Amino acid sequence: MTATSEPAPAPLPRHVAVIMDGNGRWAKQRARPRTLGHRAGARAVNLCIDFCIDRGIEALTLFAFSSENWQRPADEVSALMSLFLRALNRELDELHRRGVRLRFVGDRSSFSPELRNRMATAEALTRTNIGLQLSIAASYGGRWDITQAARRLAEQVRAGSLEPADIDEQLLGRLVSLAELPPPDLFIRTGGDQRISNFLLWQLAYTELYFTEKLWPDLDRATLDAALESFASRERRFGLTGEQLRKAHA
Ligand code: IPE
Ligand code: IPE
Ligand code: MG
């Protein structure tokens, strides 16, 4: 077989964004408290990170806690906060050793000073790492994100350094979270619900969506492979016709 007749490698997403959902139901199936589901979910986070590193995916963004999740019962919220802190303390050195760069996106003002410090330390430690670009969305909401970007533009207008007429998608797009990364190519939500739940509203404009019934703590490599396979089979048209795309690639 000549080199030219070999099939092209399946396109791999550069950036995968994941809603890790189903921890509570996983625990309920076992008649255990929801917090046990969150603990089991932390193991699935490691599996997902390992998978992305092995497959050579550049960026992974995990939705860990939404703006709305603050309204859950206080004991569940505080269990989640201590779980974050413990996971960060436990995993940081190993992630750093593997060249992972960590970012946190979301409104940090509601976190404890201790957690905020650890987040800042983790970001500073891994700042120059060029391996997997791992972002954790915590206290994050897509509406919050667009709002904070709009507020920063308004501040520039007030300071006289920006004309409202000069505000365009590019300018706003540079101020939303993760602007330094390519937008997500593939979105995965576990747990069977087919919604965005206020995740990356701006950034997901042209992302391919993949939903699986698998509950997050049950995540396995086969599920992630199935998501990659589905991604590879899609035609991303970005508003063009299929014919235009085929002509451009000819
Ligand atoms: C996702 O699992 C984790 C967080 C939102 C923090 P859930 O806790 O939402 O689990 P279900 O959806 O109730 O099963
Ligand atoms: C989305 O899951 C947020 C995270 C996974 C962190 P939720 O469980 O909060 O979403 P809804 O309430 O089912 O939409
Ligand atoms: Mg849920």
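Here the sequence shown is numbered in the working numbering, starting from 29 and rising by one per residue.
The beta carbon of each residue, even a glycine, is placed where N, CA and C say it ideally should be.
Note that the structure is predicted; figures quoted are calculated from it, not measured.
- For Phe215, the three-state secondary structure derived from DSSP is strand.
- The bridge partners DSSP lists for Gln161 are Ala87, Arg129.
- If you check the C-beta of Ile47 against ligand 2, you find a heavy atom less than 7 Å away.
- In this structure, Asp246 has its CB at a distance of at least 7 Å from all heavy atoms of ligand 2.
- The segment 180-195 makes no contact with the segment 158-167, as fewer than three CB pairs between them are under 8 Å.
- Boundaries of the beta strand (DSSP E) around Phe239: 236-239.
- Taking Val133 as the centre and dropping the five residues before and after it, the same chain places the C-beta of Ser163, Ala165, Tyr168, Ser205, Leu206 closer than 7 Å to its C-beta, in chain order.
- The Cβ-Cβ distance between Ile158 and Leu181 does not fall below 8 Å.
- For a cut-off of 8 Å, the C-beta gap from Asp213 to Arg42 is around 6 Å, short enough to register as a contact.
- Each residue's CA atom was taken as its position, placing Ala233 and Val128 some 26 Å apart.
- Ser95 sits buried, since 16 or more C-beta atoms from the chains shown fall within 10 Å of its C-beta.
- Under the three-state reduction of DSSP, Ser167 is assigned to strand.
- Ala260: member of the alpha helix (DSSP H) spanning 249-260, first to last residue.
- Remark: the C-beta of Gly52 is in contact range of ligand 3, defined as less than 7 Å to any heavy atom.
- By the CB criterion at 8 Å, Pro245 and Gly69 fall inside the cutoff.
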